[in-house]
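Please read the structure below before turning to the comments.
Residue numbers (my numbering): 29 to 145.
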């Protein structure tokens with residue numbers, strides 16, 4: 029598991045050692061977040077979607093576990109639009125390993141999503 033606290037510090041939990049350690053990473057987000065999702069891809073990337081800091085975060089960050097680097101991805105609007113910013117949602121990698129299914133969540137105005145993205 030990975031955890032980012034209020035100052036953006038990233039912590040990794042070692043299951044075998046039953047211990048948390050902080051891990052400095054280049055380009056890491058400058059703020060922590062909560063109520064986001066983190067989805068591991070087969071290539072070792074972790075996709076962190078939206079969440080909440082002092083207000084909703086409209087941001088997708090990618091952490092590359094092989095290079096220890098963060099990258100901020102700009103949302104690209106699609107024909108159906110983008111559900112963003114969002115928190116309290118779920119995100120699951122689909123079996124094709126090409127898409128992440130986002131379900132539910134709440135936006136900054138309190139609107140509760142009940143559909144899929």
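C-beta: ideal position from N, C-alpha, C; glycine also.
Remember, predicted model here, so these are calculated numbers, not experimental data.
Original post:
With 16 as the cutoff for other CB atoms within 10 Å, does residue 52 come out buried or exposed?
Top reply: exposed
Original post:
Can residue 98 and residue 135 be called in contact, C-beta distance under 8 Å?
Top reply: no
Subject >> Residue range of the unbroken beta strand (DSSP E) whose run includes residue 122 >> reply: Looking at the DSSP string, residue 122 is not in any beta strand (DSSP E), and its letter there is neither H nor E.
Original post:
Does DSSP classify residue 99 as helix, strand or coil?
Top reply: strand
**OP:** Quick one: give me the first and last residue of the beta strand (DSSP E) that residue 67 is part of.
**Re:** 65-68
**OP:** Per DSSP, which residues does residue 49 bridge with? Please list them.
**Re:** 40
Original post:
What is the residue span of the beta strand (DSSP E) that residue 90 lies within?
Top reply: 88-92
Subject >> 6 Å CB neighbourhood of residue 68 in its chain, flanking five on each side removed >> reply: 74
**OP:** With a 10 Å radius around its C-beta and 16 neighbouring C-beta atoms as the bar for buried, classify residue 88 as buried or exposed.
**Re:** buried
Original post:
Applying the criterion that 16 or more other CB atoms from any shown protein chain within 10 Å of the CB defines a buried residue, is residue 77 buried or exposed?
Top reply: buried
**OP:** Can you say whether residue 65 is buried or exposed, counting buried as having 16 or more other CB atoms within 10 angstroms of its CB?
**Re:** buried
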